[in-house]
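> If you scroll down you'll find the structure; I have some questions about it.
Pasting the structure below:
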């Protein structure tokens, strides 16, 4: 299913997107050495409930998972890159943490992810990998607009990632959003320009470049959810929800501006 939102629904989507971004930034600020992943999940739950929004994850039960996800946010650490299920783990200095969050508010979903280093120890290669996913995300957004093809976005993302030297997995990638979290079209993180679905105003897309340092192969944890690099290599993941507009693309998952910004 591909949904095209009207102006009223798009306005609601902006509110949802800001909520997702604000929660992610709040969790990033609170994630320090000694923080438990279950604390992050509990804090996220409270912010979602306070906003009278709904988690897209708690009851999420796709074919590739094992039962309902049962938590409010994905917390992927170090070699974990996707669908990291919160568990009893205390963050250490130098951990590479990815937070991925999807929320529904007033009938519209927004989805976003950020990767960052916990504490003061930061390996240059980790920072470079995170920055590469952020540049790839920016390139994908720049390629989006009415009349562009899905392949244009995939090509832009993949060019940045491959030029940076990272293998690219095509099992999981970006996707449409709207009244539900995962919709068509699927957006792989590499591809051929000029191919695929033609974008039109009102379409919401979640673009999510992610990489593993030295492999494109995943393995699944015993929890049935958490996906890790097959080699144990570090990973990074960046994601925004965007809306296709009449003259380009609008990022919906930006934090609410603070006074003085």
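In the UniProt record's numbering, the protein residues as written are 1 to 261. The beta carbon of each residue, even a glycine, is placed where N, CA and C say it ideally should be.
Just list the residues that DSSP pairs residue 174 with in beta bridges.
Position 174 of the chain shown, counted from the start, is the residue given in the question as residue 174. According to DSSP, residue 174 bridges with 187.
> Report yes if the C-beta distance between residue 301 and residue 212 is below 9 Å; otherwise report no.
Lying outside 1 to 261, the shown extent of the chain, residue 301 is not represented and no answer is given.
> Taking C-beta to C-beta, are residue 17 and residue 110 nearer than 9 Å?
Position 17 of the chain shown, counted from the first residue, corresponds to residue 17. Position 110 of the chain shown, counted from the first residue, corresponds to residue 110. Yes; because the gap between Cβ atoms is below 9 Å, this pair is in contact.
> According to DSSP, is residue 244 helix, strand or coil?
Reading the chain shown from its first residue, position 244 is the one you call residue 244. Taken through DSSP and simplified to helix, strand or coil, residue 244 comes out as strand.
> Below 7 Å CB to CB, which residues in the same chain sit around residue 186 once its five sequence neighbours on both sides are set aside?
Here residue 186 is taken as the residue at index 186 of the chain shown, counted from 1. So the list reads 173 and 175, once near-sequence residues are dropped.
> Excluding five sequence neighbours on each side, which residues of the same chain lie with their C-beta closer than 8 Å to the C-beta of residue 85?
Working through the chain shown from its first residue, we reach residue 85 at position 85. Correct list, in chain order: 69, 70, 71, 74, 75, 221, 223, 225 and 226.
> Please state whether DSSP places residue 20 in a helix, a strand or coil.
The residue labelled residue 20 in the question sits at position 20 within the chain shown. Residue state, collapsed to three classes: helix.
> To the nearest angstrom, how far is the alpha carbon of residue 78 from that of residue 99?
Translated into positions along the chain shown, residue 78 becomes position 78. Translated into positions along the chain shown, residue 99 becomes position 99. Their backbone Cα atoms lie some 12 Å apart in a straight line.
> The alpha helix (DSSP H) with residue 132 in it runs from where to where?
Taking the chain shown and counting its residues from 1, the one referred to as residue 132 is at position 132. Residue 132 -> alpha helix (DSSP H) spans 124-143.
> Pull up the distance between the alpha-carbon of residue 252 and that of residue 13, whole angstroms please.
Taking the chain shown and counting its residues from 1, one reaches residue 252 at position 252. Taking the chain shown and counting its residues from 1, one reaches residue 13 at position 13. Approximately 7 Å between the Cα atoms of the pair.
> Using three-state DSSP, classify residue 39 as helix, strand or coil.
Counting from one through the chain shown, the residue named residue 39 turns up at place 39. Reduced to three states, the DSSP call for residue 39 is helix.
> Which one of 205, 228, 35 and 195 has the shortest CA to CA distance from residue 118?
Stepping through the chain shown from its first residue, residue 118 is reached at position 118. Nearest of 205, 228, 35 and 195 to residue 118, Cα basis: 35.
> Under 8 Å: does the beta carbon of residue 254 sit that close to some heavy atom of the ligand FMN?
As far as ligands go, the structure on display features none, and thus does not contain the ligand FMN.
> Hey, quick one: how far does the beta strand (DSSP E) through residue 236 stretch, first residue to last?
Numbered from its first residue, the chain shown carries residue 236 at position 236. 235-237 is the extent of the beta strand (DSSP E) around residue 236.
> Would you kindly work out how many angstroms separate the C-alpha atoms of residue 145 and residue 116, rounded to a whole number?
On the chain shown, position 145 is the one that residue 145 refers to. On the chain shown, position 116 is the one that residue 116 refers to. Cα-Cα distance, rounded: 29 Å.
> Could you tell me the distance, in whole angstroms, from the CA atom of residue 190 to the CA atom of residue 255?
Position 190 of the chain shown holds residue 190. Position 255 of the chain shown holds residue 255. Cα to Cα, residue 190 sits roughly 28 Å from residue 255.
> Can you tell me which of the three DSSP states residue 118 falls into?
Looking up residue 118 in the chain shown gives position 118. DSSP places residue 118 in coil when its eight states are reduced to three.
> So which of 151, 204 and 209 has the shortest CA-CA distance to residue 162?
On the chain shown, residue 162 is found 162 positions in, with the first residue counted as 1. Residue 209 is the option with its Cα nearest to residue 162.
> So what's residue 159 in DSSP terms, helix, strand or just coil?
Within the chain shown, residue 159 is the residue found at index 159, counting from 1. Here residue 159 sits in helix by DSSP.
> What residues in its chain sit with their C-beta under 7 Å from that of residue 216, if we drop five residues either side in the sequence?
What you label residue 216 is simply residue 216 of the chain shown in a count that begins at 1. Only 167, 168 and 169 meet the Cβ criterion.
> Could you check whether the region 191-205 touches the region 145-161, counting it as contact only if at least three pairs of C-beta atoms, one from each stretch, sit closer than 8 Å?
yes
> On the three-state DSSP scale, how would you describe residue 15?
In the chain shown, counting from the first residue as 1, residue 15 sits at position 15. Helix, per DSSP.
> Under a Cβ-count criterion, where at least 16 other Cβ atoms within 10 Å of its own Cβ denotes burial, should residue 240 be classed as buried or exposed?
By 1-based counting over the chain shown, the position of residue 240 is 240. When all chains shown are included, residue 240 counts as buried.
> Does the Cβ of residue 91 have 16 or more other Cβ atoms within 10 Å, making it buried, or fewer, making it exposed?
Walking along the chain shown from the start, residue 91 turns up at place 91. So residue 91 counts as buried.
> Give me the residue from 50, 87 and 204 with the minimum Cα distance to residue 40.
Here residue 40 is taken as the residue at index 40 of the chain shown, counted from 1. Nearest of 50, 87 and 204 to residue 40, Cα basis: 87.
> Pick helix, strand or coil for residue 96, following the three-state DSSP scheme.
If you number the chain shown from 1, residue 96 lands on position 96. In the structure shown, residue 96 sits in a strand (DSSP, three-state: E or B).
> Quick one: Cα of residue 129 to Cα of residue 96, how far?
The residue labelled residue 129 in the question sits at position 129 within the chain shown. The residue labelled residue 96 in the question sits at position 96 within the chain shown. Answer to the nearest angstrom: the Cα atoms are 11 Å apart.
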